[in-house]
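Visitor: Sharing a structure with you now.
Numbering (my numbering), first residue to last: 1069 to 1245.
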């Protein structure tokens, strides 16, 4: 009788072990699917930017692009302003054109500066975005000290700097979905 009880307990414990494994696998799959569907508010370094992607009802970004508020962004390399401009154009996007101060609040943790699509127009005597629209003067503290012959970098903590366009920086392309 003792041998049959041991065998019975082994069968019962084996069945419970198998059930536990199946439940853990199911939970892992559910958690993975749940995690990829929720909005991500990243804190990241420039190198990890492309690994993050927000998926929302209104937008779906290409692979390795970061989505935020129905816009898609990317910046995983360091390039000159001209190289950045051409890279964005080749991906049906443009260098970032900021409309408001909170547009990139999800990037506030980064210390890096990024090329944006702001340049000085000699013809208009003003700083203009790539699409020809004028810069909202409330967006940055001052553009008066910027050198019109340089290109503009932006730090998501709302700071802009002028730099030689030949310097290499990260960049932000923006693609409306």
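The beta carbon of each residue, even a glycine, is placed where N, CA and C say it ideally should be.
Quick one: what does DSSP say residue 1183 is sitting in, helix, strand or coil?
Guide: strand
Visitor: Which of the three DSSP states is assigned to residue 1231 in this structure?
Guide: strand
Visitor: Whose C-alpha, out of 1238, 1199, 1236 and 1187, is nearest the C-alpha of residue 1215?
Guide: 1187
Visitor: Quick check on residue 1133: does DSSP put it in helix, strand or coil?
Guide: coil
Visitor: Report all residues from its chain with a CB closer than 8 Å to the CB of residue 1179; omit the five preceding and five following residues, and keep chain order.
Guide: Correct list, in chain order: 1223.
Visitor: Who pairs with residue 1195 in a beta bridge, going by DSSP?
Guide: 1188
Visitor: Could you pull the DSSP bridge partners for residue 1141 from this structure?
Guide: 1134 and 1242
Visitor: For residue 1189, which residues in the same chain have their Cβ closer than 7 Å to its Cβ, ignoring the five residues on either side in sequence?
Guide: 1196
Visitor: Would residue 1161 pass as a contact of residue 1242 if the rule is Cβ separation under 8 Å?
Guide: yes
Visitor: What is the rounded straight-line gap between the Cα of residue 1079 and the Cα of residue 1086?
Guide: In a straight line, the C-alpha of residue 1079 is about 11 Å away from that of residue 1086.
Visitor: Do you know how far the Cα of residue 1097 is from the Cα of residue 1154?
Guide: 40 Å
Visitor: Which same chain residues end up closer than 6 Å to residue 1228 when comparing Cβ atoms and leaving out the 5 residues on each side of it in sequence?
Guide: Excluding positions up to five away in sequence, the list reads 1208, 1220 and 1222.
Visitor: Using C-beta distances below 7 Å, list every residue in its chain close to residue 1218, excluding the 5 sequence neighbours before and after it, in chain order.
Guide: Excluding sequence neighbours, residue 1218 sits near 1230, 1231, 1232 and 1233.
Visitor: So what's residue 1146 in DSSP terms, helix, strand or just coil?
Guide: Residue 1146: coil per DSSP, three-state reduction.
Visitor: Do residue 1184 and residue 1164 have their C-beta atoms within less than 8 Å of each other?
Guide: Between residue 1184 and residue 1164, the C-beta spacing is below 8 Å.
Visitor: Inspect the beta-carbon positions of residue 1158 and residue 1239 and report whether they are closer than 8 Å.
Guide: no
Visitor: With DSSP as the reference, identify every bridge partner of residue 1220, one or two as the case may be.
Guide: Residue pairing by DSSP places residue 1220 opposite 1230 in a beta bridge.
Visitor: Using CA atoms only, rank isn't needed, just tell me which of 1091, 1168, 1128 and 1129 is closest to residue 1204.
Guide: 1168
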